Ligand SMILES: Nc1ncnc2c1ncn2[C@@H]1O[C@H](COP(=O)(O)OP(=O)(O)OP(=O)(O)O)[C@@H](O)[C@H]1O
Ligand SMILES: [Mg+2]
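Numbering (the numbering used here), first residue to last: 58 to 618.
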């Protein structure tokens, strides 16, 4: 008997719909893209319960006729391309003719559209049209309402996150469109609260709106890239402040993040902010490589990458002195494209790759021994190397300990203990004010109670957060940085979200660990003893604390066996 069965079309279409529709945020993304493709200058977005029960996108675009309305929710129906080759000469967001049909298949959808000549309303459930009739409206444009997403795919509905989290994901996508389309007005409402109401403006105004905390930034202009970058003094500990677009299409591309940061050279400090628009002739880019169109492929990446590096470098120069900035590997002539830059990029690629390899190698080493089992006894002498490594002898070999990683781990454990046991807080006489954008504010709202039970008492105001009390182990001067890092970390959606206590401990201990100073002998010795006593083997992020070379390995190396 054959084990392979042909899937019924209803299953096939739900699977296909699932690829396009990942959740409310992707519905909102597809609907806004359609509105922009329809030449709208004003777009209104509304969600209820994070978009799980209701999503509405209203525009003042070209609208659709009755015939188009019916076709719009059919599979593979588009007004944007005719031949496959058109994908390589694309000036619209859409091209697959799949978004509306996918959304319609997994929801109840109502579309009202007025093309200036006629106005109609279509209702469909699970992709099947229930009614279509004339429906008078005054204005040209389209309103699309999506009710009960995944109502007919309970397995998918179960995987949707809490309304607050879905709302945040939607907000972040809306922000990406607000940044990329300054000439378009946007209103965004969630549960009847107006989150954004922005008139047509400029990129700078939009940048200020989304990243109000960044006070130093500059515009950059290259051959293929333009946008805004922050001074290296403004950064986040993750890349949520780096938003890149290719042909105005938001993309998440590891290589682009890396290339952007390479432009900062020696001045790079954590992850600076950057909103970059990469516009290349359509034939040089393939946008059809990802189901949600979040990745692209360049046909000549080096050409684009070197332009980004050069333009970012020019921008960064405005903030930093030449001495700090010029790194050995930076190409000397920046206004000529060919070989030097290509070589630079090649070297950078290599560096990138080797560092990954190195990580794996170190992981291999660290798994070779388990310090907790070996019962190492510390001999008298230790040696401090390069202000960061401590070398010492154990029973069966020599050990090199990464001092700061070990220090971080010990502090991490201590802070975690405090958070779990004796939560001491300090009330601030003068509250600390932290400017935040809307989506960060959402996270704070979402985590309000958890933050409070972990020592952060806060007040949420219109455009800022007031911190009223803090856990006692945080230094006053570190509060703002640590708080920002905590909420930044919380905004990254993850399948296994980290516990807030772990995030606080992680950020707080990182802030407390100082590097580059002369480590004292006693301090190093004390730390080794503490780490051995507690049986710790890795830093809080899983990097190894020790490298061991056994005497056996030494003997065999020196051919003494
Ligand atoms: N807001 C709108 N205003 C006017 N026409 C629209 C609107 N939304 C959709 N359409 C029409 O419906 C068609 C189908 O939309 P859909 O999003 O499914 O496909 P697409 O945008 O062509 O391609 P993709 O699947 O890549 O988004 C579009 O090609 C367009 O003609
Ligand atoms: Mg579309």
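C-beta atoms are modelled at their ideal positions from N, C-alpha and C, and glycine is treated no differently. Values in this document were obtained by computation on a predicted structure and should not be read as measured data.
- Linking residue 278 to residue 345 through their CA atoms gives a straight-line distance of about 27 Å.
- Residue 179 has its CB no nearer than 6 Å to any heavy atom of ligand 1.
- Taking a cut-off of 8 Å on C-beta distances, the segment 272-288 touches the segment 317-334, as three or more cross pairs fall below it.
- With fewer than 16 other Cβ atoms inside 10 Å of its own Cβ, residue 312 counts as exposed.
- About 6 Å separates the beta carbons of residue 564 and residue 543, which is inside the 8 Å limit, making them a contact pair.
- The three-state reading of DSSP puts residue 615 in coil, since its state is none of H, G, I, E or B.
- Between the beta-carbon of residue 127 and that of residue 189 there is about 7 Å, and that keeps the pair under the 8 Å contact cut.
- Listed in chain order, the non-local C-beta contacts of residue 281 below 8 Å within the same chain comprise 335, 336, 337, 360, 361, 364 and 365, local neighbours out to five positions each way being set aside.
- Distances between the C-beta of residue 141 and the heavy atoms of ligand 1 are all 6 Å or more.
- Not one heavy atom of ligand 2 is found less than 6 Å from the C-beta of residue 345.
- For the 7 Å CB-CB criterion, residue 596 and residue 472 do not form a contact.
- With a cut-off of 8 Å on Cβ pairs, the segment 511-531 is in contact with the segment 484-498, counting three or more such pairs.
- Inter-residue distance for residue 155 and residue 467 is about 53 Å (C-alpha atoms, whole angstroms).
- Taking a contact as a CB-CB distance under 8 Å, the pair residue 231 and residue 216 does not count as one, their CB atoms being some 22 Å apart.
- Straight-line spacing of the CA atoms in residue 324 and residue 285 works out to 17 Å.
- Under the 10 Å beta carbon count, residue 67 is surrounded by fewer than 16 other beta carbons and is classified as exposed.
- At least one heavy atom of ligand 1 lies less than 6 Å from the C-beta of residue 155.
- Judged by DSSP secondary structure, residue 559 falls within the alpha helix (DSSP H) whose first and last residues are 557-569.
- Take the alpha-carbon of residue 247 and the one of residue 120: they are about 25 Å apart.
- When the five nearest sequence neighbours on each side are left out, the beta carbons in the same chain lying within less than 8 Å of the beta carbon of residue 511 are those of 476, 480, 528, 557, 558 and 561, in order along the chain.
- Residue 169 is bridged by DSSP to 178 and 200.
- Residue range 220-237 is occupied by the alpha helix (DSSP H) that includes residue 221.
- When DSSP reads this structure, residue 306 sits in a beta bridge with 303.
- Under the three-state reduction of DSSP output, residue 115 falls in the strand class.
- Residue pairing by DSSP places residue 251 opposite 246 in a beta bridge.
- By the beta-carbon neighbour count (other beta carbons within 10 angstroms, threshold 16), residue 211 is exposed.
- For the pair residue 78 and residue 112, the CB atoms are not nearer than the 7 Å cut-off.
- The beta carbon of residue 200 lies closer than 6 Å to those of 115 and 169 in the same chain, with the five residues before and after it left out.
- Residue 240 carries a coil assignment under DSSP once its states are collapsed to helix, strand and coil.
- A residue is called buried once 16 or more other Cβ atoms fall within 10 Å of its Cβ, and residue 135 is buried on that count.
- A distance criterion of 6 Å places the beta-carbon of residue 91 in contact range of ligand 2, judged by its closest non-hydrogen atom.
- Beyond the five residues adjoining it in sequence on each side, residue 171 comes within less than 7 Å, by CB distance, of 120, 194, 196, 197 and 198 in the same chain, given in chain order.
- Spanning the alpha carbons of residue 515 and residue 526 requires a straight line of approximately 7 Å.
- For residue 377, the closest C-alpha among the options 245, 545, 506 and 288 is that of 288.
- At a threshold of 6 Å, residue 460 does not count as near ligand 1, since its beta carbon sits no closer than that to any of the ligand's heavy atoms.
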